[in-house]
Structure formats: structure tokens, C-alpha cells
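Peer 1: Per the UniProt record's numbering, residue 1 is the first one in the sequence shown, and the count goes up by one each step. A virtual CB, placed ideally from N, CA and C, is assigned to each residue, including glycine.
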Amino acid sequence: MLKKVRRKVKAFVTKPFKKPSRPSRAPSPPGPPPPTLRLSQPPSPPPQEMSSSRQRNAPFLFPRSESSVLPDPSRFFSHDLLSTPLPTNSFFQNFTLKNGDQAEYFHPYIIKPSPSSLSISYPSLSHNSAFIFEAFNADITVSGSDGPDPHSRKTHLISSFSDLGVTLDFPSSNLRFFLVRGNPFITCSVSGTSSITISTIHAVLSFSGNSSSTKYTAKLNNNQTWLIYASSPVHLNQTGGSSINCGAGFSGILRFAVLPDPNPDFESILDRFSCCYPVSGDADLTKPFTLEYNWEKRGYGDLLMLAHPLHLKLLSTHDCSIAVLDSFRYRSIDGDLVGVVGDSWVLRPDPVSVTWHSIKGVDEDRREEVISALVKDVSDLDSSAPVTSSSYFYAKLIARAARLALIAEEVCYLDVIPAIRKYLKSMIEPWLDGTFEPNGFLYDPTWGGVITKQGSRDSGADFGFGIYNDHHYHLGYFLYAIAVMAKIDPLWGKRYKPQAYALMADFMTLGKKKMKKGASFNSNSVYPRLRCFDLFKLHSWAGGLTEFADGRNQESTSEAVNAYYSAALLGLAYGDTHLVAAASTVLTLEIHAAKMWWQVPVLILDKIELNRIS
Numbered sequence: 001m002l003k004k005v006r007r008k009v010k011a012f013v014t015k016p017f018k019k020p021s022r023p024s025r026a027p028s029p030p031g032p033p034p035p036t037l038r039l040s041q042p043p044s045p046p047p048q049e050m051s052s053s054r055q056r057n058a059p060f061l062f063p064r065s066e067s068s069v070l071p072d073p074s075r076f077f078s079h080d081l082l083s084t085p086l087p088t089n090s091f092f093q094n095f096t097l098k099n100g101d102q103a104e105y106f107h108p109y110i111i112k113p114s115p116s117s118l119s120i121s122y123p124s125l126s127h128n129s130a131f132i133f134e135a136f137n138a139d140i141t142v143s144g145s146d147g148p149d150p151h152s153r154k155t156h157l158i159s160s161f162s163d164l165g166v167t168l169d170f171p172s173s174n175l176r177f178f179l180v181r182g183n184p185f186i187t188c189s190v191s192g193t194s195s196i197t198i199s200t201i202h203a204v205l206s207f208s209g210n211s212s213s214t215k216y217t218a219k220l221n222n223n224q225t226w227l228i229y230a231s232s233p234v235h236l237n238q239t240g241g242s243s244i245n246c247g248a249g250f251s252g253i254l255r256f257a258v259l260p261d262p263n264p265d266f267e268s269i270l271d272r273f274s275c276c277y278p279v280s281g282d283a284d285l286t287k288p289f290t291l292e293y294n295w296e297k298r299g300y301g302d303l304l305m306l307a308h309p310l311h312l313k314l315l316s317t318h319d320c321s322i323a324v325l326d327s328f329r330y331r332s333i334d335g336d337l338v339g340v341v342g343d344s345w346v347l348r349p350d351p352v353s354v355t356w357h358s359i360k361g362v363d364e365d366r367r368e369e370v371i372s373a374l375v376k377d378v379s380d381l382d383s384s385a386p387v388t389s390s391s392y393f394y395a396k397l398i399a400r401a402a403r404l405a406l407i408a409e410e411v412c413y414l415d416v417i418p419a420i421r422k423y424l425k426s427m428i429e430p431w432l433d434g435t436f437e438p439n440g441f442l443y444d445p446t447w448g449g450v451i452t453k454q455g456s457r458d459s460g461a462d463f464g465f466g467i468y469n470d471h472h473y474h475l476g477y478f479l480y481a482i483a484v485m486a487k488i489d490p491l492w493g494k495r496y497k498p499q500a501y502a503l504m505a506d507f508m509t510l511g512k513k514k515m516k517k518g519a520s521f522n523s524n525s526v527y528p529r530l531r532c533f534d535l536f537k538l539h540s541w542a543g544g545l546t547e548f549a550d551g552r553n554q555e556s557t558s559e560a561v562n563a564y565y566s567a568a569l570l571g572l573a574y575g576d577t578h579l580v581a582a583a584s585t586v587l588t589l590e591i592h593a594a595k596m597w598w599q600v601p602v603l604i605l606d607k608i609e610l611n612r613i614s
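What follows is the structure, given as C-alpha cells:
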């Protein structure tokens, strides 16, 4: 039965900041400038021009980097894609690194390419109190032959990618795979009347086809049943205990799906939707607190996809026509994936109202204590003291100082603001104008992004920032400090807006949703789309250009939240309503995901405690 789900969106209303009626005054820190909020001093001369382009509307670029540690993307991306910014934290990142043969999660399957074939795993789930794990096994491997020149290319080629999918070509095999996340089928396009081999590491217990030779069923000795669908008749025969061959050449579409349950209704559902397949998927963030999925589909009939638990929580049927198949489920490392019929979904997370100050405010009976601590902390600010050259720890240092300014505003003790402003100015500017000798920001034109001088020479420096690890963490702290500085000194903010937006755009560019071979690209796009944020899982990844056997890593949900919060604050500082809306939308999705997958409910913790062995 097709069951509609409905969901109400509750607005999140924040408490406005209220100024206390009678602010008290504590002793000022030693030696601050006269207490004033006026910007009477003349503006400083503009920073040194560091953009590689002098065009009027060209985006600001930090000095060009010649990195010695970044991998070469030309081995796996099509030539046309190399002229665009490339993803560095994507769901298919393993396919672009080293040999390109490390597996990736595609929900519900794990996919592993090799030079001329692709292997599919519907993994079993292992877990205990310490970990949850899915092991890859090559349940089905699809390979071909009769390519144009088997020796011309020994690897796969990424010919296009989108928010929700990637297309892998195997030129030596005449195979193209449309790998779209959350699809119960793996779709393969075969060209040139190629011969196809389907193999497995298991034994094939039985193999049979229908009368039209467009559907085959393979039962394996690991209790899995796989269904193979063809767009036109194809003659497949079992050859040996674990191999199936196409005797004659075939050209068309093959689709592979595991039967998640022996229930006959499940096979009927797969049969019904086997003729419609997605080739890509876009995620639209143009409306505040709304995420819309749109899949490009081919074939005929309705599109069947799978939703993970957070999708189901946010899914709205008020804005689109979908049907949820509650009982049709696949297992995954992120929880059960539930069937959803429809090629357009609308997700509506709870709105958040981003503000500079705390939601609940400071208790009046604690104000004097807060002011006393504030004065002490501000008196300890010393821009002449030895300082770290690490982009991460430096960014946290200035973000902490910027937080003092907002605390001062909240408790209405403004005497310390000039001292904080002086400190922030002296600490932030060297990074923005390139005068901080030990380190600094550079622009990498190969992948398209901001890296550091230290990171361009040493892949381990700055916690891997030079290979795009933790970008939103580091830059989030920088943006927080810059946003506060622009708030308390608007002239300074105007002067350094190009650099501020360059740092923000490194991980907050919305840009193009789909990149494909032969497309016309926007020359102003110098950063990839949402570098760290996963528009399917709805949270960020931190790993960068590092190969992982067990999928990407999140590492720090709180710092991910801070990054998008800081980007929204930057929008507030500059009156950029579009940036505020976009960053706030990503922010609320990040918060929802943190609650869904990383904040363990108290009930579960109580059960663990009850079962603890003394």
C-alpha cells in the first residue's frame, strides 16, 4: 500500500536580546583605548591586491599555490571537468584518489570500482557497544569487454557528477554506471554490443529468466537473491558455479537489485519500478529552510527511491506528490531505508533564527560575575605575544577573542570593545593581506579552493588543511572573528569584505548543481559546491582528499555547526540576506543530522548503564 506521510514544521522562535535597564560598570582593563564606539579614525589604505584577476566582477583570489602534496585529478575526471572546481569531500571521493578502487557507500549498496569492472555489495551489518560496521563483499561484479581500445585506459572515468549521483565510465569495457544514492537499483548502460560477465564471490545456487529474457533471478548461497532487469531481451547463461555470461553482444540498460526480503510483494514492487531509472539528482536550496530533491530520470513509469530516517523526518507531502512504502525497506549503516515513489521531494527542516547573542540571555544576578571575568579575559589579550602558526589554533584564538566582544554587548559593558577591536584587527589582518610570515592563505587552482602555505608543502600540516581536511572547521572560526570585527567596525568590514567572502565561499558556495562532460561552465565559479556538506546525508564530512576504507568521517559535529553559524553571522554583518538564509538552512540541517546520528538518546545510555559489568 502506498501511504502518504505528513509532517508539520514548527517555527523556532528565539528570544530577542534585551538591554538591562541599568548597566553597572566594573573596572576597565589596564591600558585600553578611550571607551568609544565611534569610527572617527580615517580608513586604512586598502590591502595589497592579491587576486589573479583584475576583471571588475571577478572574485577575489588569494595568491596562487603551487602545491607539492595535492593528488592529480586528471587520472579520473573527464577533461572537461578539469576546468571546473572539483569536489574534495564528496560521497565518491575514493573513486578519485590513488588507484580509485576503494569502496564507497551509496545506500543501500557499497560500490567498488576496478579498472574494467564494478562490484556491488549489499553488506551485512555488524555492531557492538563500541562500533557499527558494514563489511564489503563483492556480491555482484559486472564487467565487460570489446571496448574501443582495452589498453587505452586502465581506469574508470568520472564523466559527470551531481549532488546525489555520479556517472562512472569504463572506456575499456563499454560500460557506464549511473550511481545515484538511495536507489534500490544499480543501473548500467552497455554500448557497442558488448559481451557482459556477471560474477560473484558466492556460489550461484539457481539462475532463471522470464519468457521475454528481460528479467533474471540469481539465488546465491549467502541467502541473497539478486534480480537483473534488461531494457531489451538479453540471453544470460550461468557458466560455472559463480559466473553468468551474455553469450551474444548486448546494447542497452541493465539494472541490478537485491531482494531485501523474501516477501513476494517486495519483488512485485521492484518489478513495477524497474523501467524508470535516475541518472543524476539535484538538491535545491534556493528557498529558506527548504531542500528540494529533483532527479533526472529516463525510461518510463514512476521513480522509486529510498529515504533514510532523517529524510523521513523532514519529508513534506504538502509541496510535492510522493508516496511512501512503509513496509518496503533496505537496511543500511544509517538505519532502515524506506521506499518513496516520486522524482521530486521537498524536505522542510525546522527554521532557526541566527542571532549574535544568546537566546536566553544572562541572568541579572550573574551579570557582575560575567563582567568581572570579561574584564580579566580582555586584559589578557596581547597581540605581541608569541602566537601559533597553525591555521586551526590561530583561528580558535581569534574566535575566542571575538566572542568576548559579543559577551560585552550582551551584558552592556562596552568599555572593553575598543581593546578587543584593536586586538582582532592586529591578529586578523596579517592572514587577510598576506603579511603573516609563518603561514597564510593561498588559492589552489587544481581542485579549486583555499589552502595554507604550510599545507601546500606538508600534507600533515594544519591538520591536513592543504589536502582539504577540516576546511569548514578552520574557516568557521576565522569567519566568526571576521564577522564580529565587521560588526563592531563596519569600515574595516567593508575594506576586507572580498577576503572574507573568499574564505566563506570556500565551503559555502552554492554554485552549479550538476557537472557533466561537454557542459558550459561559469568562469566565475572558483570553488566547488558546498565543499563539506553532504546533501544526501544532510551533514558535513571533514576528511578531504584522503582515501578511507570505511567511508568519509564527520569528526566534530559542533565545529560543523559553528562553521555554518559563522557564515550566517557574516551575512548579518554585511546585510546579505541571501547568505543568511542559505547558511541558516544548511545550519539547521547540520543540527538535525547531529541529533539523528550522533546525539545518543538518554534512554539508550540508561540501558547501557544497566547492562554494564562491574
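Who are residue 238's beta bridge partners in DSSP?
Peer 2: Beta bridge pairing from DSSP links residue 238 with 244.
Peer 1: With the cut-off set at 8 angstroms, would you say residue 372 and residue 439 are in Cβ contact?
Peer 2: At the C-beta level, residue 372 and residue 439 stay beyond 8 angstroms of one another.
Peer 1: Residue 293 lies in the beta strand (DSSP E); which residues open and close that run?
Peer 2: Counted as a single uninterrupted DSSP element, the beta strand (DSSP E) harbouring residue 293 occupies residues 291-299.
Peer 1: State the start and end residues of the unbroken beta strand (DSSP E) segment that holds residue 542.
Peer 2: Looking at the DSSP string, residue 542 is not in any beta strand (DSSP E), and its letter there is neither H nor E.
Peer 1: Please check the pair residue 227 and residue 215, which I expect to be a contact at CB under 8 angstroms, by giving their CB distance rounded to whole angstroms.
Peer 2: Under the criterion of beta carbons closer than 8 angstroms, residue 227 and residue 215 qualify as touching, at roughly 7 angstroms.
Peer 1: Give me the Cα-Cα distance between residue 410 and residue 580, rounded to the nearest whole angstrom.
Peer 2: 21 angstroms
Peer 1: Starting from residue 444, trace the beta strand (DSSP E) in both directions and tell me its first and last residue.
Peer 2: 441-444
Peer 1: Please report the straight-line C-alpha distance between residue 305 and residue 328, rounded to a whole angstrom.
Peer 2: 11 angstroms
Peer 1: When you compare the CB positions of residue 116 and residue 173, do they come within less than 8 angstroms of one another, or not?
Peer 2: yes
Peer 1: Which parts of the region 294-364 are runs of the beta strand (DSSP E), unbroken and 3 residues or longer, counting only runs that do not cross its ends?
Peer 2: 304-307, 323-330, 337-341, 344-347
Peer 1: Are residue 587 and residue 573 closer than 8 angstroms when you measure CB to CB?
Peer 2: Going by beta carbons, residue 587 and residue 573 fall outside the 8 angstroms limit.
Peer 1: Can you check which of these residues, 59, 93, 61, 179, is closest to residue 72 by C-alpha distance?
Peer 2: 93
Peer 1: Of the choices 415, 445, 492, 565, whose alpha-carbon is the least far from that of residue 473?
Peer 2: 565
Peer 1: Does the beta-carbon distance from residue 625 to residue 427 come in below 8 angstroms?
Peer 2: Lying outside 1 to 614, the shown extent of the chain, residue 625 is not represented and no answer is given.
Peer 1: Please determine, among 595, 346, 497, 446, the residue with the shortest C-alpha to C-alpha distance to residue 323.
Peer 2: Taking each of 595, 346, 497, 446 in turn and checking the Cα distance to residue 323, the smallest one comes out for 346.
Peer 1: Looking only at DSSP bridge pairs, what is residue 144 linked to?
Peer 2: Residue pairing by DSSP places residue 144 opposite 196 in a beta bridge.
Peer 1: Cα separation between residue 598 and residue 493?
Peer 2: One C-alpha to the other measures close to 36 angstroms.
Peer 1: How many angstroms separate the CA atom of residue 523 from the CA atom of residue 443?
Peer 2: Its pLDDT being 44, under 50, residue 523 is placed unreliably by the model, and the measurement read from it follows with that caveat. Looking at the two C-alpha atoms, the distance is approximately 15 angstroms.
Peer 1: Give every residue of the same chain whose Cβ lies closer than 6 angstroms to the Cβ of residue 367, excluding the five residues on either side of it in the sequence, and list them in chain order.
Peer 2: 411
Peer 1: Considering only C-alpha positions, which residue in the set 421, 362, 451 is nearest to residue 382?
Peer 2: 421
Peer 1: First and last residue of the alpha helix (DSSP H) that includes residue 577?
Peer 2: 577-597
Peer 1: Could you spell out where the alpha helix (DSSP H) holding residue 212 opens and where it closes?
Peer 2: Run containing residue 212: none; DSSP gives neither H nor E here.
Peer 1: Quick check on residue 86: buried or exposed, where buried means 16 or more other Cβ atoms within 10 Å of its Cβ?
Peer 2: buried
Peer 1: Express the C-alpha separation of residue 121 and residue 182 in angstroms, rounding to a whole number.
Peer 2: 14 angstroms
Peer 1: What ranges does the beta strand (DSSP E) occupy inside the region 148-178, keeping only unbroken runs of at least 3 residues that lie completely in it?
Peer 2: 157-162, 165-170
Peer 1: Using a Cβ distance threshold of 8 angstroms, determine whether the region 250-257 contacts the region 311-321, with at least three qualifying pairs required.
Peer 2: no
Peer 1: What residue range does the alpha helix (DSSP H) around residue 506 cover?
Peer 2: 497-508
Peer 1: Under three-state DSSP, which class holds residue 387?
Peer 2: coil
Peer 1: Compare the Cα-Cα distances from residue 341 to each of 380, 179, 269 and report the closest residue.
Peer 2: 269
Peer 1: For my contact list, residue 90 and residue 82 are in at a C-beta cut-off of 8 angstroms; report their separation, rounded to the angstrom.
Peer 2: Contact doesn't hold; Cβ gap of about 16 angstroms is too wide.
Peer 1: On a Cα-Cα basis, can you pick out the residue from 315, 168, 330, 190 that is closest to residue 78?
Peer 2: Of the candidates 315, 168, 330, 190, the one whose C-alpha sits nearest the C-alpha of residue 78 is 168.
Peer 1: Does the Cβ-Cβ distance between residue 201 and residue 142 come in under 8 angstroms?
Peer 2: Cβ distance not < 8 angstroms, so residue 201 and residue 142 don't count as in contact.
Peer 1: For residue 297 versus residue 275, is the C-beta distance shorter than 8 angstroms?
Peer 2: no
Peer 1: Taking the Cβ atom as the reference point for each residue, do residue 620 and residue 476 lie within a distance shorter than 8 angstroms?
Peer 2: There is simply no residue 620 to check, as the chain begins at 1 and stops at 614 in what is shown.
Peer 1: Compute the Euclidean distance between the alpha carbons of residue 506 and residue 423, then round it to the nearest angstrom.
Peer 2: 26 angstroms
Peer 1: Let's test the definition: count the other Cβ atoms within 10 Å of the Cβ of residue 376 and tell me whether it reaches 16, buried, or not, exposed.
Peer 2: exposed
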